[in-house]
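Chains as they are written, first to last, in the numbering used here: chain A, 45 to 636; chain B, 8 to 202.
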Amino acid sequence: MSTLTRYSAIPYTGPAPTNRAPYVPKNAEPANARGEAIATTLGNAAMTQERGQDMPTFLVERARIADVLRNLAENPDLAFILPLDCFGTDYPDREERFDVVYQLYSLKNNERIRLKVRVGENDTVPTSTGVFKSFDWFEREVFDMFGVRFEGHPNMRRILCHEAFQGHALRKDYDPAQRWILTEQNVARIIPKIDPRFATEDTDFERVTLNLGPSHPATHGTLRIVVTLDGEKIIGADAEIGYLHRCFEKMSETHTYQQVIPYTDRLNYCSAIINNVGYALAVEKLLGIEAPARAQQVRLMLSEFWRIADHIVCISANLVDIGALTNYWYLMQPREEIIGLTEACSGARLLPSYVRVGGLAVDVPSNFLEQAQRLVDMLPRYIDDVEKLIWKNRIFRERVQGVAVISKEDAINFGFTGPCLRACGVPYDVRKASPYIGYETYDWDVPIAEGGDTYARFLVRFEEMRQSLRILQQAIDRGLPAGPVIVDNPYVALPPKSKVYNEMESLIYHFKLIMHGIQPPVGETYFQVEGGNGELGFYVVSDGTKNPYRVRVRPPCFPLFEAFGQMITGQTIPDAIGALGSLNIIAGELDH
Amino acid sequence: MPIEKIDNPNSIIGRKLNQLPGSGPEKGIQTLPGESERDIADFAGGSYLTTTVDTMVNWARSNSLWPFPFGTACCAIEFMSMVGSHYDVSRFGAEVVRFSPRQADLLLVEGTIVDKMGPVLKKIYDQMPEPRYVIAMGACATSGGFYRAYHVMQGIDEIIPVDIWVPGCPPTPDGLMYGILKLKEKIDRGEIRRS
Ligand code: SF4
Numbered sequence: 045m046s047t048l049t050r051y052s053a054i055p056y057t058g059p060a061p062t063n064r065a066p067y068v069p070k071n072a073e074p075a076n077a078r079g080e081a082i083a084t085t086l087g088n089a090a091m092t093q094e095r096g097q098d099m100p101t102f103l104v105e106r107a108r109i110a111d112v113l114r115n116l117a118e119n120p121d122l123a124f125i126l127p128l129d130c131f132g133t134d135y136p137d138r139e140e141r142f143d144v145v146y147q148l149y150s151l152k153n154n155e156r157i158r159l160k161v162r163v164g165e166n167d168t169v170p171t172s173t174g175v176f177k178s179f180d181w182f183e184r185e186v187f188d189m190f191g192v193r194f195e196g197h198p199n200m201r202r203i204l205c206h207e208a209f210q211g212h213a214l215r216k217d218y219d220p221a222q223r224w225i226l227t228e229q230n231v232a233r234i235i236p237k238i239d240p241r242f243a244t245e246d247t248d249f250e251r252v253t254l255n256l257g258p259s260h261p262a263t264h265g266t267l268r269i270v271v272t273l274d275g276e277k278i279i280g281a282d283a284e285i286g287y288l289h290r291c292f293e294k295m296s297e298t299h300t301y302q303q304v305i306p307y308t309d310r311l312n313y314c315s316a317i318i319n320n321v322g323y324a325l326a327v328e329k330l331l332g333i334e335a336p337a338r339a340q341q342v343r344l345m346l347s348e349f350w351r352i353a354d355h356i357v358c359i360s361a362n363l364v365d366i367g368a369l370t371n372y373w374y375l376m377q378p379r380e381e382i383i384g385l386t387e388a389c390s391g392a393r394l395l396p397s398y399v400r401v402g403g404l405a406v407d408v409p410s411n412f413l414e415q416a417q418r419l420v421d422m423l424p425r426y427i428d429d430v431e432k433l434i435w436k437n438r439i440f441r442e443r444v445q446g447v448a449v450i451s452k453e454d455a456i457n458f459g460f461t462g463p464c465l466r467a468c469g470v471p472y473d474v475r476k477a478s479p480y481i482g483y484e485t486y487d488w489d490v491p492i493a494e495g496g497d498t499y500a501r502f503l504v505r506f507e508e509m510r511q512s513l514r515i516l517q518q519a520i521d522r523g524l525p526a527g528p529v530i531v532d533n534p535y536v537a538l539p540p541k542s543k544v545y546n547e548m549e550s551l552i553y554h555f556k557l558i559m560h561g562i563q564p565p566v567g568e569t570y571f572q573v574e575g576g577n578g579e580l581g582f583y584v585v586s587d588g589t590k591n592p593y594r595v596r597v598r599p600p601c602f603p604l605f606e607a608f609g610q611m612i613t614g615q616t617i618p619d620a621i622g623a624l625g626s627l628n629i630i631a632g633e634l635d636h
Numbered sequence: 008m009p010i011e012k013i014d015n016p017n018s019i020i021g022r023k024l025n026q027l028p029g030s031g032p033e034k035g036i037q038t039l040p041g042e043s044e045r046d047i048a049d050f051a052g053g054s055y056l057t058t059t060v061d062t063m064v065n066w067a068r069s070n071s072l073w074p075f076p077f078g079t080a081c082c083a084i085e086f087m088s089m090v091g092s093h094y095d096v097s098r099f100g101a102e103v104v105r106f107s108p109r110q111a112d113l114l115l116v117e118g119t120i121v122d123k124m125g126p127v128l129k130k131i132y133d134q135m136p137e138p139r140y141v142i143a144m145g146a147c148a149t150s151g152g153f154y155r156a157y158h159v160m161q162g163i164d165e166i167i168p169v170d171i172w173v174p175g176c177p178p179t180p181d182g183l184m185y186g187i188l189k190l191k192e193k194i195d196r197g198e199i200r201r202s
């Protein structure tokens, strides 16, 4: 393990090297106090609070985790009804080596909670699928990655890795490059369970099992759905994922903090910059630093442009599936302009890796604001035109209205966030609920729609693009603050080249940073941003070395696709295709 | 029997040379080449065109590639840009995207292929009729890219042969187009397999 050394002759007067003391988040005090209040309200003896965390954190007895989760959800004062995440962490030196971590959110109080369960290698954890449907897949993922078994889980098999895979990849003693080859003989056949609503129905049709994907034009990549059809009606559906499992989390553990940024790009590759921002903010939180105002505003503006681009891809590809090809040709043009702006800033088109921990890679071009203004002026016309093309179109309406409905309660129970949750009438948006990089200073609204059908999701996405434009216009009117785009802290950001070549200490800093990387203090943190598809969170654990000990991404697509099987049961195949497009499942993020 | 040259005022070639379309006496009436025997003569300008069958077939093949986009990841989004209106790959005759391997002759592998996807890719390649060409788009399809990881195939040439590798992560649309043009060159040079 390498440690930072202080050179007494260095005239740097900023914050001290960061890995000296354990990480204490800025809001540790209120979090502790709130944690105590929660424990009192609940009166549950199975929880002990962990202190000094960024949100109320409890250690829960293994056998009673499901009860605790249920109590938290059902208590009317707390109402932690939105399951955000469930994942594992491996500490091989400990006797009970695994942590299974649960994160919940309360829509009522706008607060978060984290629960941890310690698990030994041969222990099982009671399943919580009875409390949150969402945790079905999440628990399977924990099993796949760590080998932790969940007792009572209805379908405890691998989810991301393939059938011939041996071992559990995210365990610390698993070699990151150890592959296992899957051959056609080993591929499992999937037969979906028939929905009980239709199990006894007797029709004249023969039941057929149909496989869609993973290479199917309407699945946009690598999704696989197996459905059982009764005539035209889908009476059972099962989804299989993992066809793009690129080991993001393991790769992060083998790279330095800055090197992880290109990997985050490739999670949701339709709005890559938002992933960059989310990850950088998580590490910055761990480091206790804040990027300069200029960098923050550029981050915000590019995030909003890419949110629009993300929605453009979603809407146009979805319309292609429904049969309206024109919109695709038409909408690709403004998207190309957004890409052009990004390219002018970063040099890369689609996956810019433009953000750094502590700021931005380079400053924006001098005509950034004019270019942004040009885009903001031209985009509304495209949005309006496409809306005009489809809104009054009866074929379109009949194909989307009332199709693939998900109720508000189900959506919450499945852990929906983002446009799909807002299409069910829940106004939850991370940018409003816990604002970051200055969203609280802009005047904009969170659009919601009622109904939770494909049509509602279209409505929300269209309106969100307009709201993003509103934010952008205000940002342009304010102008970019002057100043640097990356923090002046040589333990985080490389000193400018002019200094490196002329000053001894800058050269040393440069060398140290390249060789030893950023070394945040020991601790864990979670940070969430509003991605194109919903809450995109990064949970980072640091052990004080240059590589993250654990990076967990909370992929917003994951719960969306989990619910897909239920949403399309009772519908027809063409409706299912339309619904799939409206969820905007991005495989890179889904399978991380 | 040599073909006699006969002046045909209705033939396209003739019209192009002599008058602007629509301005002649035959307004609105068009004869396409091949419609009558005489047009063949016109088409070749009244003379013979000699070539080998190989060149002729290669020329036809290389100018109408029907791609099967095996898009798995980020590279597929750049492929979308390439077929989109801005870059417009139809200029090179490769825009007829087919989602059935049986109708396609160019397999465009766009994106990371993980081990779980391997058998699927192999099956799709096997289903394509000959002649078939493969382009590996991007670092991942070429070599696994920067995913040196437990679940990622380190280049699709582990399971299927590849004609053209396009570098980049992701390659720009122009880069991919260049790859397609290179493939065209390769086809033009190649021999037709006869069995
Ligand atoms: S080469 Fe790069 S852009 Fe292409 S699929 Fe791989 S990671 Fe994505």
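Idealized CB from N, CA, C, for every residue including glycine.
Quiz item: What are the boundary residues of the alpha helix (DSSP H) that includes TYR185/B?
Solution: Annotation: the continuous alpha helix (DSSP H) that includes TYR185/B extends over 180 to 196.
Exercise. Just mark ALA623/A as buried or exposed, buried being the case when its beta carbon has 16 or more other beta carbons within 10 Å.
Key: By the neighbour-count definition (other C-beta atoms within 10 Å, threshold 16), ALA623/A is a buried residue.
Quiz item: By the 10 Å Cβ neighbour count, where 16 or more other Cβ atoms means buried, how is VAL638/A classified, buried or exposed?
Solution: Missing from the structure shown is residue 638/A; chain A here goes from 45 to 636 and no further.
Practice problem: Can you check DSSP and say which residues form a bridge with GLN93/A? | Solution: Note: GLN93/A sits in a beta bridge opposite PHE102/A.
Quiz item: Within 7 Å: the Cβ of PRO177/B and any heavy atom of the ligand SF4?
Solution: Yes, since a heavy atom of the ligand SF4 falls inside the 7 Å radius drawn around the Cβ of PRO177/B.
Exercise. Determine the direct distance from the alpha carbon of SER542/A to that of CYS29/A, and round the result to whole angstroms.
Key: A query on residue 29/A cannot be resolved here, the shown segment of chain A reaching from 45 to 636 and no further.
Quiz item: Who are the neighbours of ARG393/A on chain B, taking C-beta pairs under 9 Å?
Solution: ARG393/A reaches chain B at GLU85, SER88, PRO177, THR179, PRO180, counting residues in chain order whose Cβ is nearer than 9 Å.
Self-check item: MET124/B versus PRO600/A: straight-line alpha-carbon distance, rounded
Solution: So the two alpha carbons sit approximately 23 Å from each other.
Quiz item: Skipping 5 residues on each side, what residues in its chain have a beta carbon closer than 6 Å to that of TYR499/A?
Solution: Excluding its 5 nearest sequence neighbours in each direction, TYR499/A has C-beta neighbours in its own chain below 6 Å: VAL444, GLN445, listed in chain order.
Quiz item: Rounded to the nearest angstrom, how far is the Cβ of VAL161/A from that of PRO126/B, given a contact under 8 Å?
Solution: Contact doesn't hold; Cβ gap of about 36 Å is too wide.
Practice problem: Kindly indicate the opening and closing residues of the alpha helix (DSSP H) around ALA388/A. | Solution: 369 to 390 is the span of the alpha helix (DSSP H), which, as asked, contains ALA388/A.
Exercise. Kindly indicate which residue of THR461/A, GLN615/A, VAL364/A has the alpha-carbon position closest to the one of ASP274/A.
Key: Taking ASP274/A as reference, the option from THR461/A, GLN615/A, VAL364/A with the minimal CA-CA separation is GLN615/A.
Self-check item: Where PRO136/B meets chain A, residues with beta-carbon distance less than 9 Å
Solution: The contacting residues do not exist; PRO136/B stays about 17 Å from chain A at best.
Quiz item: When the distance is taken between beta carbons, is ASP354/A closer than 8 Å to CYS314/A?
Solution: Inclusion of CYS314/A and ASP354/A in the CB contact set at 8 Å is warranted, their separation being smaller than that value.
Exercise. Verify the contact flag: GLY125/B, CB atom, against every heavy atom of the ligand SF4, threshold strictly below 7 Å.
Key: Relative to the ligand SF4, the beta carbon of GLY125/B is positioned no closer than 7 Å to any heavy atom.
Quiz prompt | Proximity test, ALA156/B beta-carbon vs the ligand SF4 heavy atom, cut-off 7 Å | solution = No.
Quiz item: Does the beta carbon of GLY469/A fall short of 7 Å from some heavy atom of the ligand SF4?
Solution: Not so, every heavy atom of the ligand SF4 lies at least 7 Å from the Cβ.
Self-check item: Residues that PRO170/A bridges to, as DSSP identifies them
Solution: In DSSP, PRO170/A forms a bridge with GLU195/A.
Quiz item: Mind pulling the chain B residues with CB within less than 8 Å of TYR287/A?
Solution: Within 8 Å Cβ-Cβ: THR79, VAL121, LYS123, MET124, VAL127.
Quiz item: What does GLU380/A reach in chain B if we use C-beta pairs closer than 9 Å?
Solution: Chain-order list of chain B residues neighbouring GLU380/A: SER88, GLY91, SER92, HIS93, TYR94, by C-beta distance under 9 Å.
Exercise. Anything in the region 92 to 117 of chain B with a Cβ closer than 7 Å to a Cβ of chain A? List those residues in chain order, please.
Key: Here the close residues are SER92, HIS93, PHE106.
Practice problem: With hydrogens ignored, establish whether the beta-carbon of GLY78/B is closer than 7 Å to any heavy atom of the ligand HEM. | Solution: Inclusion of the ligand HEM in the displayed structure is not the case, the ligand content consisting of the ligand SF4 alone.
Practice problem: Would you mind working out which of ASP239/A, LEU369/A, ASP635/A, THR266/A sits nearest THR613/A, comparing C-alpha positions? | Solution: It is ASP239/A.
Quiz item: Taking any Cβ of chain B, which residues in the region 212 to 235 of chain A have a Cβ under 8 Å from it, in chain order?
Solution: Cβ contacts with chain B: ALA213, TYR218, ASP219, PRO220, ALA221, GLN222, ARG223, TRP224, ILE225, LEU226, THR227, GLU228, VAL231.
Quiz item: If you scan the region 126 to 181 of chain A from start to end, which runs of the beta strand (DSSP E) of 3 or more residues do you find wholly inside it?
Solution: Listed in chain order, they are 126 to 134, 142 to 150, 155 to 163, 168 to 170.
Practice problem: Could you name each continuous alpha helix (DSSP H) segment of 4 residues or more that falls completely within the region 327 to 371 of chain A, going from the start of the chain to the end? | Solution: Every alpha helix (DSSP H) of 4 residues or more that sits fully in the region 327 to 371 of chain A is shown, in chain order, as 337 to 366.
Quiz item: With C-beta atoms as the reference, is VAL321/A less than 8 Å away from PRO592/A?
Solution: At least 8 Å separates the beta-carbon of VAL321/A from that of PRO592/A.
Exercise. Quick one: using the 10 Å Cβ neighbour count with 16 as the cut-off for buried, is ARG95/A buried or exposed?
Key: Looking at its Cβ environment, which holds fewer than 16 other Cβ atoms inside 10 Å, ARG95/A is exposed.
Practice problem: Consult DSSP for PRO74/B and reduce its assignment to one of helix, strand or coil. | Solution: DSSP places PRO74/B in the strand class (E or B) of the three-state scheme.
Quiz item: Mind checking whether the beta-carbon of LEU395/A lies closer than 7 Å to any heavy atom of the ligand SF4?
Solution: Yes, Cβ of LEU395/A sits closer than 7 Å to a heavy atom of the ligand SF4.
Practice problem: Could you have a look at ILE562/A and say whether DSSP puts it in helix, strand or coil? | Solution: Reduced to three states, the DSSP call for ILE562/A is coil.
Quiz item: Run through DSSP, which three-state label would VAL581/A get?
Solution: For the sequence presented, residue 581/A should be read as Gly rather than Val. Note: GLY581/A maps to strand in three-state DSSP.
Quiz item: Going along the region 181 to 215 of chain A in order, which residues come within less than 9 Å of chain B, judged by CB to CB distance?
Solution: For chain B, the residues of the region 181 to 215 of chain A that bring a beta carbon within less than 9 Å of one of its beta carbons are LEU204, CYS205, HIS206, GLU207, ALA208, PHE209, GLY211, ALA213, in chain order.
Quiz prompt | Cutoff 6 Å; reference PHE131/A; Cβ partners in own chain excluding five residues on either side | solution = Taking PHE131/A as the centre and dropping the five residues before and after it, the same chain places the C-beta of VAL145, ARG596 closer than 6 Å to its C-beta, in chain order.
Quiz prompt | Cross-chain neighbours of TYR154/B in chain A, by beta carbon under 7 Å | solution = In chain order: ARG290, CYS291, MET295.
Self-check item: Heavy atom of the ligand SF4 within 7 Å of VAL215/A beta-carbon
Solution: One point to set straight first is that residue 215/A is Arg, not Val, in the sequence displayed. Residue side-chain check: ARG215/A keeps its Cβ at 7 Å or more from all non-hydrogen atoms of the ligand SF4.
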